[in-house]
Structure formats: C-alpha cells, structure tokens
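Written below as structure tokens is the structure these notes are about.
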Amino acid sequence: MSRRKTERLLNLVICLLSTRRPLSAEQIRHAVPGYDAANDEAFQRMFERDKTELREIGIPVQVHKDPWEDEPGYRIEREAYELPEITLEADEAAVLGLAAQVWQRATLAEAASGALLKLRAGGVQTDESSAGPLELRVDTRDPAFPGLWEAVRDRRVVRFDYRAAGSGVTLTRTVEPWGVVSRRGRWYLVGHDRERDAPRVFRLSRVSGPVTPVGRPGAVTVPGGVDIRSMVGYRDSLVPERVATVRVREGTCQWLRQTGEVTPGDDGWDLVALDFADPEWIAGSIVGFAADAEVLDPPDLRDAVIRRLKGALA
C-alpha cells in the first residue's frame with residue numbers, strides 16, 4: 115500500500131470517528147485530504163474502494179439513511195471501533211516487551227515501538243527490560259526480507275533475481291509467496307515458482323537486487339495442508355554444514371551460546387562450537403558482538419569476520 119493511500123485511509127478514519135453526525139460523501143470529499151483533487155467519477159471509485167478496505171480490516175464504517183436527506187451519511191461509531199479495556203498480567207506485559215526487543219533490528223521495529231507506545235498511552239504497563247541478560251533478536255540482515263515479508267502479508271506475487279546454490283547462475287524467478295521461515299539462523303521463502311510450476315524454497319541470502327511486486331494484493335492463495343516449515347527443513351538438510359570455533363567473553367554473546375555447544379574456560383573466555391553452512395551469513399552475525407567474540411576456526415570464516423570489521427572501520 116502506498117504512503118499516499120495509507121494517509122488517506124487514516125484521515126478518513128479520523129474524520130468518520132470525529133464527526134458527531136453522519137457525513138455525506140460530498141462532505142467527506144471536501145473534508146478528507148486526498149479526495150478533493152479527484153473528479154467526480156474518480157472520487158466515487160476511490161471512496162468505494164476505501165470503504166471496502168476499511169471494512170475488510172475490521173473498521174465498522176456505518177451507513178445512515180436519513181429520510182429527510184437525499185444522500186446517505188457515513189460515520190464510525192466509537193463504541194464499535196474502540197477496543198475494550200486491556201488488562202495484562204505481569205507475564206503478558208513481559209512478553210510484549212520481549213517481542214519489541216526481538217524486532218528491534220528488523221523492519222517491524224517501528225510498528226513494535228508504536229504498539230507499545232499506544233498501550234502505554236492507554237494505561238497498560240509494558241515491561242521492556244524483563245529480558246535481563248538475554249539478547250533476543252530476529253536477524254533480518256537479508257535485504258530481501260522486507261519486500262518478501264510484505265508480499266506474504268499482502269498475498270501478492272513477487273519477482274526477483276535468484277542465485278542458484280550449485281551453479282551460481284542468477285535467474286529471474288516469479289513466485290507466489292506462501293510464507294517466510296527462519297531455520298538455524300537462515301531465512302527462507304516458500305512459495306509456488308511460476309517458471310517451474312512447482313513449490314520451491316528460496317534462501318533469502320541468495321536473492322539478488324530488489325524484490326518487485328507483480329499484480330494486485332490478494333491474488334495469492336496458500337494451498338490447504340501445506341506445511342512450509344517441513345518444506346524448509348527438507349531443503350535445509352541438503353546444505354552441507356561445518357563447525358566453527360568461536361571464543362566468547364564470559365557473560366556475553368547469549369545468542370551464540372544458545373545456538374552452539376559451550377565449553378567453559380578459566381581465563382574469562384569460553385569456547386563455542388557452532389554448526390554453519392554459509393560463512394558470510396554467520397560472519398555477519400558474529401561481528402555484531404564486536405570485541406566479545408573471536409573466531410578461531412575455520413580460516414575462511416575468520417577471514418570473513420575480519421573483512422567485515424575492516425569494512426566497518428573504513
């Protein structure tokens with residue numbers, strides 16, 4: 115959805131919530147920014163689509179027919195629109211805080227922060243510090259993640275260039291997305307590949323360039339009985355893995371510790387053994403811990419980390 119349309123829908127909701135009496139379409143046209151510049155026919159089409167979209171997402175746009183008026187009026191009853199009072203237990207508030215931390219580095223960070231802000235404004239106390247020493251996060255460094263996540267959300271076909279694992283050849287794929295799944299620290303798109311006319315799994319780190327939406331939202335239907343997690347698990351089992359040895363400072367690098375096997379040390383440092391397949395991806399995860407993590411083996415992973423650190427320094 116474009117920013118202009120989003121703003122217009124938001125203004126329409128505010129207008130219909132704020133009015134004390136139903137407004138006619140013509141009154142709405144002059145009151146809501148985004149409608150006033152359209153001609154009569156274009157306005158009618160836009161207004162009908164906007165009403166339909168608002169109702170589809172659960173916003174009750176009501177029609178009032180006054181026998182003394184020629185045109186119907188529109189309004190959103192505040193009682194039907196507003197949520198009931200929200201009461202959260204301490205553990206539920208803690209979960210909300212943790213969820214916001216998980217997405218703090220992802221595209222949803224702004225939405226997560228906004229949701230917590232609205233809850234606090236409504237008097238709900240959220241706990242964002244309850245994670246203690248845990249370093250919770252969803253790693254979405256793959257540039258393709260935002261576009262593919264939005265395509266799954268909007269049920270919209272996408273097109274992108276994809277580098278094959280074996281040959282390294284880059285081909286253009288048109289995919290009906292079913293879901294985006296994380297497994298063992300890597301992100302995958304599951305969907306129907308139109309070129310191959312079959313279900314396929316795509317690793318996000320191999321997507322090259324932009325993700326381009328194709329067609330209208332709502333065009334994709336996920337077949338019944340599809341288990342996208344099992345599809346990703348099967349694909350992931352074909353990827354050869356190696357073991358990395360990482361030296362980590364005591365009390366830090368919780369994600370590395372939970373992902374691998376820890377051997378306690380006696381000099382303020384521990385050793386973590388990590389399974390990995392893509393050295394570039396795991397290097398990007400390790401550098402985030404800065405001086406608290408040092409790769410000892412294998413050499414190509416150590417070189418990848420050093421290269422990234424030098425790039426950040428430059």
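Each position in the sequence shown, counted from 1, maps to that position plus 114 in the working numbering. Glycine included, each C-beta is placed from N, C-alpha and C at the ideal position. Source: prediction; values computed, not measured.
Under 8 Å between C-beta atoms of residue i and residue j
{"i": "V401", "j": "L423", "result": "yes"}
{"i": "V362", "j": "A407", "result": "yes"}
{"i": "L285", "j": "V272", "result": "no"}
{"i": "G148", "j": "R122", "result": "yes"}
Exposure label - residue i; buried when at least 16 CB within 10 Å
{"i": "A405", "result": "exposed"}
{"i": "S344", "result": "exposed"}
{"i": "H306", "result": "buried"}
{"i": "A418", "result": "buried"}
{"i": "L124", "result": "exposed"}
{"i": "W182", "result": "exposed"}
{"i": "I396", "result": "buried"}
{"i": "V283", "result": "exposed"}
{"i": "L410", "result": "exposed"}
{"i": "I190", "result": "buried"}
{"i": "R134", "result": "exposed"}
{"i": "R118", "result": "exposed"}
{"i": "R416", "result": "buried"}
Nonlocal neighbours in the same chain, by C-beta distance under 8 Å from residue i, ignoring five residues either side
{"i": "Y188", "result": "L130, P136, L137, S138, A139, I142, K165, V175, Q176, V177, H178"}
{"i": "I342", "result": "W292, G293, V295, V304"}
{"i": "A426", "result": "V401"}
{"i": "E167", "result": "L123"}
Closest Cα partner of residue i within the set the options
{"i": "S399", "options": "F157, E375, Q368", "result": "Q368"}
{"i": "R269", "options": "I171, D380, T335, N125", "result": "T335"}
{"i": "V360", "options": "D384, D380, G338", "result": "D384"}
{"i": "T120", "options": "V409, A428, V146", "result": "V146"}
{"i": "V266", "options": "D150, E394, E290", "result": "E290"}
{"i": "A391", "options": "W301, D275, R117", "result": "W301"}
{"i": "I171", "options": "Y195, R310, F161, N153", "result": "Y195"}
{"i": "P324", "options": "R416, F274, E185", "result": "F274"}
{"i": "D381", "options": "A156, A152, G365", "result": "G365"}
{"i": "F316", "options": "P337, A333, G338, R277", "result": "R277"}
{"i": "V127", "options": "I173, A387, E206, P337", "result": "I173"}
Beta-carbon proximity list for residue i, same chain, < 7 Å, skipping 5 on both sides
{"i": "P412", "result": "R356, A358"}
{"i": "T377", "result": "D384, L385"}
{"i": "D414", "result": "P393"}
{"i": "A333", "result": "R269, R270, V271"}
{"i": "D150", "result": "R143, H144"}
6 Å Cβ shell around residue i - same chain, five flanking residues per side excluded
{"i": "R308", "result": "T288"}
{"i": "A312", "result": "none"}
{"i": "P186", "result": "V177, K179"}
{"i": "S132", "result": "none"}
- Query: When the Cβ atoms of the stretch 316-323 are set against those of the stretch 253-273, are three or more pairs found closer than 8 Å?
  - Reply: yes
- Would you say the stretch 370-390 touches the stretch 321-340, given that touching needs at least three Cβ pairs under 8 Å? no
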